[in-house]
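Have a look at the structure below, then the notes.
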Amino acid sequence: MALVAVAGSSRSTNTALEEKVAGVAALIDKWRPDDGQCSLFLDGSRREAGRFLCAAVELHGAMLLVASDVDQERGDECLVRAQGVLEAAMRRLQLELELLLSTVRSNAVDGAISGHDVVGDAGVVGHITMVADAMMAAGYGMECVSTFNSHRRAEFAAAVRRLLGFAPSQHAHFHKLTWEDVDGKVQSWHTAAGFAFNFAFSWERVLCHRVFAADAALADKVFAGIASDHAADLLAIAEAAVMRARRAPERLFHVLDVHATLAEILPAIACILGDKSEAAARATAALRNAGDAARGILMSLEQAIQKTTSSKAAVTGSAVHPLTRYVMNYLVLLADYEDTLARIYQQGESTLTSGSGSASRVSPSSSADSIGRLVSVLQRKLDAMAVGYRPSALRSLFMANNTHYVSKKVRGSSKLEGIVGEDWIEEQMAETRRHVDAFVHSAWRDVLVAGGEGADAAVKEAVATQRSWVVADDEMGDAVRAAAAAVVVPAYRALYRRHGTAAWMTPGDVNAMISRQFGGLRNEAAGARPVSAGSATSRRHRLRLTSFSDKLAHVQ
Numbered sequence: 001m002a003l004v005a006v007a008g009s010s011r012s013t014n015t016a017l018e019e020k021v022a023g024v025a026a027l028i029d030k031w032r033p034d035d036g037q038c039s040l041f042l043d044g045s046r047r048e049a050g051r052f053l054c055a056a057v058e059l060h061g062a063m064l065l066v067a068s069d070v071d072q073e074r075g076d077e078c079l080v081r082a083q084g085v086l087e088a089a090m091r092r093l094q095l096e097l098e099l100l101l102s103t104v105r106s107n108a109v110d111g112a113i114s115g116h117d118v119v120g121d122a123g124v125v126g127h128i129t130m131v132a133d134a135m136m137a138a139g140y141g142m143e144c145v146s147t148f149n150s151h152r153r154a155e156f157a158a159a160v161r162r163l164l165g166f167a168p169s170q171h172a173h174f175h176k177l178t179w180e181d182v183d184g185k186v187q188s189w190h191t192a193a194g195f196a197f198n199f200a201f202s203w204e205r206v207l208c209h210r211v212f213a214a215d216a217a218l219a220d221k222v223f224a225g226i227a228s229d230h231a232a233d234l235l236a237i238a239e240a241a242v243m244r245a246r247r248a249p250e251r252l253f254h255v256l257d258v259h260a261t262l263a264e265i266l267p268a269i270a271c272i273l274g275d276k277s278e279a280a281a282r283a284t285a286a287l288r289n290a291g292d293a294a295r296g297i298l299m300s301l302e303q304a305i306q307k308t309t310s311s312k313a314a315v316t317g318s319a320v321h322p323l324t325r326y327v328m329n330y331l332v333l334l335a336d337y338e339d340t341l342a343r344i345y346q347q348g349e350s351t352l353t354s355g356s357g358s359a360s361r362v363s364p365s366s367s368a369d370s371i372g373r374l375v376s377v378l379q380r381k382l383d384a385m386a387v388g389y390r391p392s393a394l395r396s397l398f399m400a401n402n403t404h405y406v407s408k409k410v411r412g413s414s415k416l417e418g419i420v421g422e423d424w425i426e427e428q429m430a431e432t433r434r435h436v437d438a439f440v441h442s443a444w445r446d447v448l449v450a451g452g453e454g455a456d457a458a459v460k461e462a463v464a465t466q467r468s469w470v471v472a473d474d475e476m477g478d479a480v481r482a483a484a485a486a487v488v489v490p491a492y493r494a495l496y497r498r499h500g501t502a503a504w505m506t507p508g509d510v511n512a513m514i515s516r517q518f519g520g521l522r523n524e525a526a527g528a529r530p531v532s533a534g535s536a537t538s539r540r541h542r543l544r545l546t547s548f549s550d551k552l553a554h555v556q
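Quick note: the sequence shown, position 190, residue 190 per the UniProt record's numbering, numbers continuous.
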């Protein structure tokens, strides 16, 4: 009786398996594994999709039951047929997974960039979860993960590539690129990295955990497989930009931009990928290296200012020196990075204090210190340059022009003005006035000391000598003319009253000659309104240009 019961049970198990095979085969005939034109979920009914999933899982269960029956009859033959049908069903589900992921892909690309909550599309994500659960239950988890992983990696790469304008997957070769190549790529990196680490990676992690909700460890592993290489690709661009910057002053702003972006995305990297992840370690190292590079570039700029040789110092007519224009335009731009510089010097504070005593004493400890230090270095260099100007009047005019330009650039930048302070500005303007006064007394000395005869000739000689000299701008010209008229005309008037003859120029003539100096009458003819000496510039502006070479070439 026992043998009969066992035989009956085996026949029943085989019969059940054959029924499952027939049922799944009928569904496969309708939803063929090679027909990607229609989707079981998107084009069919939810009920039929559920039937397909249940039938495939039940077929796998029936196969396990038959395989466990050691006394089965015709079991092997039945299992072979069942395995073929199950494989066909899984290929169809793989195709469904691809079709559904393609739908998520199109939504995610448009939605993630515009801020749309793609995960909120519970319908499609729910369908993907159902397919994943069925494939996992049927023993095809590896195929499910592989399909999901490949599609999401490709979509993530495409989204980042569209934002970057190039494929970042060649990160292994970035160290071979020139600065020009890296510079062109890092411009779009800021947007792409911010999007990827602040939004896309987070969304991707949520998607993985929704699809593989039954196994959190598997979801984390799938997400890591999708995210790790893309994170490495993006961070490699930042690493290359910092490495290629070296100590060239014109590359500082790119380094500061990279530092700012890294500081912004580092918390997201630690949160999404883990603070112990390779991406977090690389981002932290890149942030530290960017800070070190920025401090090094500022030190190089300071040294370059100090090393400017006397042979390069003199400029025609005591105009504003190119070094003054370069440094001040540089500092106007640098002031916009005050917050980033503050983080950099805070980051490097422990390194500076742990170094040698002399290093910690000479190194700036804050953004304000670094900018103020560069201004001081420039001022000392201008003092040294002025020694090369002859006569002394030209030396004073050179200093007046350059100190005026420095203070005007500071007053034209609210951030730079806030860094150096009002007291410094007032002191700088007072110094400019002292140089103007020294210029007037030196340039017009022969007129001021003339005792009678020769005063008329001294005026003409002074005017002729100054004809090739220049002033920084209209404001400076107004100040010089006003100072000269205030000193020279009264002195000449006194001499004219005591010694004047018909051959002498009148005080009005002298005043007119002074008013024509440094483009005075030309400005009046053009309708320019004089600005009193020492007054603040009314036009306030910010220097914002697209390329660094343009920034430094922009002179006001």
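The beta-carbon is built from N, C-alpha and C at its ideal position, and this holds for glycine as well.
Only a predicted model underlies this, so the values are computations on that prediction, with no experimental measurement involved.
Residue i to residue j span [Cα, whole Å]
i	j	result
Gly421	Ser413	12 Å
Ser515	Glu431	23 Å
Val410	Thr147	60 Å
Lys185	Phe166	8 Å
Glu427	Ala248	32 Å
Leu100	Val124	7 Å
Thr13	Met136	23 Å
Leu287	His259	6 Å
Leu79	Arg91	18 Å
Leu93	Ala216	22 Å
Gln303	Trp203	48 Å
Ser498	Tyr405	Checking the sequence shown, residue 498 turns out to be Arg, not Ser. In a straight line, the C-alpha of Arg498 is about 41 Å away from that of Tyr405.
Ala227	Gly418	43 Å
Cys208	Val160	19 Å
Thr340	Phe253	11 Å
Asp423	Ala240	42 Å
Asp35	Leu95	8 Å
Ala455	Ala368	51 Å
Met142	Phe156	21 Å
The ligand FAD heavy atom lying under 7 Å from the CB of residue i
i	result
Thr178	The ligand FAD is not part of the structure shown, which contains no ligands of any sort.
Coarse secondary structure for residue i, derived from DSSP in three states
i	result
Ala386	helix
Pro33	coil
Pro391	coil
Ala138	coil
residue 565	Here the chain comprises residues numbered 1 to 556, so residue 565 is not present and cannot be evaluated.
Leu42	coil
Val377	helix
Phe199	helix
Phe148	helix
Phe212	coil
residue 560	No answer is possible for residue 560: the residues shown for the chain start at 1 and end at 556.
residue 580	The structure shown has nothing for residue 580, since the chain only spans 1 to 556.
Gly500	coil
Gly165	coil
Opening and closing residue of the alpha helix (DSSP H) in which residue i lies
i	result
Val463	Ala455 to Gln466
Gln303	Glu278 to Gln306
Val470	Unbroken run through Val470: none, as it is neither H nor E.
His190	Trp179 to Phe195
Ala241	Ala216 to Ala245
Phe253	Leu252 to Leu273
Ser442	Glu422 to Ala443
Pro322	Pro322 to Ala335
Integer-rounded CB distance, given that residue j should sit under 8 Å from residue i
i	j	result
Leu323	Ile371	Not quite, the Cβ-Cβ distance comes to about 16 Å (not below 8 Å), so this is no contact.
Leu382	Asn402	5 Å
His60	Ala132	Actually they are not in contact, since the Cβ atoms of His60 and Ala132 sit about 15 Å apart, beyond 8 Å.
Val375	Leu331	7 Å
Leu273	Phe201	7 Å
Gln466	Ala443	6 Å
Val436	Val480	6 Å
Val255	Ala290	5 Å
Val470	Gly296	Wrong, their Cβ atoms sit about 37 Å apart, outside the cutoff.
Whether residue i touches residue j by CB criterion (8 Å)
i	j	result
Ala245	Leu262	no
Ala386	Met399	yes
Ala134	Leu53	yes
Ala16	Ala49	no
Gly477	Phe518	yes
Met505	Val459	yes
Val487	Asn511	no
Ala270	Ala280	yes
Val21	Val85	yes
Ala196	His230	yes
Ile265	Pro168	no
Ala88	Pro33	yes
Val145	Val222	yes
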